[in-house]
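For reference, the structure discussed in these notes is given below.
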Amino acid sequence: MRQALLIFNKEFKDYFTSPIAYIVIAIFLAVTGWLFFSAFFLYNQAELRRFFTLLPLLFALVMPLVTMRLFAEEINVGSYELLLTLPVTFRDIIIGKFLAAVAFGAALLLPTLSYPFFISFIGDLDWGVTIAGYLGALLMAAAYAGIGLFASSLTRNQIIACIVAMVICVFLAIVDQMLFFFPQAILDLITYASANAHFTNIAKGILDSRDLVYFLSIAFLGLYATHLVMEEK
Amino acid sequence: MIHVEGLTKYYDDFCAVDHIDLDIKGGEIVGLLGPNGAGKSTTLRMLTGYFQPSAGDIRVKEHSIRENPLAIKRLIGYLPESAPLYKGMLVYDYLEHVARIRGLGGAVMQQRMQTLADMCGLRGIMHKTIDTLSKGLKQRVGLAHAMMSDPEILVLDEPTSGLDPNQIVEIREIIRKIGEQKTVILSTHILTEAEATCDRIVIINKGRIVADGSTQELTAGKDRQGRVQIGLLGAAAGEVVGRLKDIAGVSAVTPEPEAVPGETRVQILCRPGIDARADIYAAIKATDWVLVEMNQEAQTLETIFRELTRES
Chain A
1 MRQALLIFNK EFKDYFTSPI AYIVIAIFLA VTGWLFFSAF FLYNQAELRR
51 FFTLLPLLFA LVMPLVTMRL FAEEINVGSY ELLLTLPVTF RDIIIGKFLA
101 AVAFGAALLL PTLSYPFFIS FIGDLDWGVT IAGYLGALLM AAAYAGIGLF
151 ASSLTRNQII ACIVAMVICV FLAIVDQMLF FFPQAILDLI TYASANAHFT
201 NIAKGILDSR DLVYFLSIAF LGLYATHLVM EEK
Chain B
1 MIHVEGLTKY YDDFCAVDHI DLDIKGGEIV GLLGPNGAGK STTLRMLTGY
51 FQPSAGDIRV KEHSIRENPL AIKRLIGYLP ESAPLYKGML VYDYLEHVAR
101 IRGLGGAVMQ QRMQTLADMC GLRGIMHKTI DTLSKGLKQR VGLAHAMMSD
151 PEILVLDEPT SGLDPNQIVE IREIIRKIGE QKTVILSTHI LTEAEATCDR
201 IVIINKGRIV ADGSTQELTA GKDRQGRVQI GLLGAAAGEV VGRLKDIAGV
251 SAVTPEPEAV PGETRVQILC RPGIDARADI YAAIKATDWV LVEMNQEAQT
301 LETIFRELTR ES
């Protein structure tokens, strides 16, 4: 576990030594801020529901950008060989990198905490729902990070890793709005697979174990698949 | 110290390493020699736990690479070919990261980093980003990486490839200094390098070991066939071949293309372990040919290497 933390430490610092992290954070804030606040005063309600409804799709686009380099870059540069010949296990590496990506997701959300803070001055904000929403957002970031990590382990090309992860994440994010296209028989399954549906539940303030299990199992599946890919290489 | 048994690696259908057996004692500097694609890097990568062997086993001390790769990784410091370090990090940050993963910390770590900075000449570049370094400097950072935990075994894959002559000498010096106390395994395709730094040379070709021993043992090899070239005036090639091939110590005589008009050149292959030069001279003396040149090809590591790794 100590080794995993060291890897986490290195990967998380790496995000902030290049300007890309700041650009991603700035764009994320600009897009969420604009989409959220442009309609906020029209609805005249002191709540973040409209902010949270943006997150499944936005995270599906941003998290792959965050995770794409984690393995692909190492494999491409060759530092993967150095990493694997240090006394660390596959598990240490995967957990360290995964936590770094989730922590970056948290860093994306951190500045948006100012929204509920300021909104609480102009109206009666329900803090319980807000906290649940942020918790859900973190869980979703973890699920997407698991998918992104897996995509990154597949290839040495970061762009391919990013696109593969984006396709999967966006699919999970919007599939419940496309139920029209699916046969009746698998509708339940499709709804269950939808990240959006599960996130919306949590963001309403309903902490149902089914939703928690969903996100955690997606993350776990991603990490487990990554482990299999690493063993195969 | 290191015991390799039946080590084999397949890439799909291609057999890169084919049943290698090797025993390396503590304190040896072993050079793996071979043409490109002979399986040197693959062997080292299996030894350091980067690749899983397709068959066979590697034991380092009492650990097996199959059962306890982590224990072996702790014992081995490894510098892959062309030192693929994390580009964006500072040298200091990188070495500190490695030190922590290797389980060092606090004052011990600081002490170790100071020692390595002196040993590898990194004092002036500790606060530079790795991707701004020249190839030679990167290689030295890679060496410091490999030696971080003061490992008992050091594995270096082509440590001097791509360096200029001065840098090569520097790196060799460092390797020899380390080799006084540690077991060093290095791969190279530069023969003089192996001769200059290694106690023992293992030549690999097409995934198999074709020679194993010290430089002296390899060049003095009793079962080597000596080659003698002679140049004669006033002789026809056919006649020369006919006369010389009957000498007891000679196993074959082959005419060579005429370089100077009128001069006949032949190459004579002696029987293993026999110096037939005196008999050849005596045979020529009995005729009226004029001997203008006689030359025994010296057995250097290079001739042996070429002989053993030639495409046939």
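Those protein sequence lines, which keep their order, are chains A and B. The first sequence: position 15 = 15 (my numbering), numbered continuously. The second sequence: position 283 = 283 (my numbering), numbered continuously. For each residue, glycine too, the CB sits at the ideal point set by N, CA and C. Quantities reported herein were computed from a predicted structural model and do not represent experimental measurements.
Item                                                                                                               : Value
Interface flag, Leu143 (chain B) vs chain A, CB-CB below 8 Å                                                       : no
Chain A contacts made by the stretch 67-83 of chain B, where a contact means CB separation under 7 Å               : Leu70, Lys73, Arg74, Tyr78, Pro80
Given 8 Å, three or more beta-carbon pairs between the stretch 134-141 of chain A and the stretch 53-68 of chain A : yes
Given Lys97 (chain A) as reference, the closest of A:Glu47, A:Ser114, A:Gly148 once Cα atoms are compared          : A:Gly148
Closer than 8 Å to chain E by CB, Ser152 (chain A)                                                                 : Checking the listed chains, one finds no chain E in this structure; the protein chains it contains are A and B.
DSSP beta-bridge partners of His3 (chain B)                                                                        : B:Asp23, B:Arg59
Same chain, Cβ closer than 6 Å to Arg69 (chain A), five either side skipped, listed in chain order                 : Gln158
Any C-beta of chain B under 8 Å from that of Gly78 (chain A)                                                       : yes
Cβ neighbour criterion (16 or more within 10 Å) applied to Asp211 (chain A)                                        : buried
For Asn157 (chain A), three-class secondary structure by DSSP                                                      : coil
Below-8 Å beta-carbon distance, Ser38 (chain A) vs any chain B residue                                             : no
Simplified DSSP assignment, three categories, for Cys15 (chain B)                                                  : strand
Contacts of Glu81 (chain A) in chain B (Cβ-Cβ under 7 Å)                                                           : Tyr50, Pro80, Pro84
Distance CB(Trp289 (chain B))-CB(Leu244 (chain B)) smaller than 8 Å                                                : no
Buried or exposed by the 16-neighbour rule on C-beta atoms within 10 Å, applied to Ala107 (chain B)                : exposed
Assumed close pair Thr215 (chain B), Ile230 (chain B) - CB separation to whole angstroms, cut-off 8 Å              : Between Ile230 (chain B) and Thr215 (chain B) the Cβ distance is about 28 Å, and since that is not below 8 Å, they are no contact.
Exposure of Leu32 (chain B), with buried meaning 16 or more beta-carbon neighbours within 10 Å                     : buried
Residue from B:Lys285, B:Glu217, B:Ile204, B:Ile247 whose Cα sits closest to the Cα of Ala235 (chain B)            : B:Lys285
8 Å Cβ cutoff met for Val253 (chain B) and Ile268 (chain B)                                                        : yes
Distance, Phe16 (chain A) Cα to Val210 (chain B) Cα                                                                : 51 Å
Neighbour flag for Pro87 (chain A) against chain B, beta carbons, 8 Å                                              : yes
Simplified DSSP assignment, three categories, for Asn295 (chain B)                                                 : strand
Neighbour flag for Asp126 (chain A) against chain B, beta carbons, 8 Å                                             : no
contact_flag[the stretch 132-148 of chain B, the stretch 75-93 of chain B] where n(CB pairs < 8 Å) is 3 or more    : yes
DSSP state of Lys9 (chain B) mapped onto helix, strand, coil                                                       : strand
Contacts that Lys10 (chain A) makes with chain B (C-beta to C-beta distance below 7 Å)                             : His97
C-alpha gap between Ile247 (chain B) and Cys270 (chain B), whole angstroms                                         : 10 Å
Given 8 Å, three or more beta-carbon pairs between the stretch 77-97 of chain B and the stretch 151-164 of chain B : yes
Whether Leu57 (chain A) touches Thr32 (chain A) by CB criterion (8 Å)                                              : no
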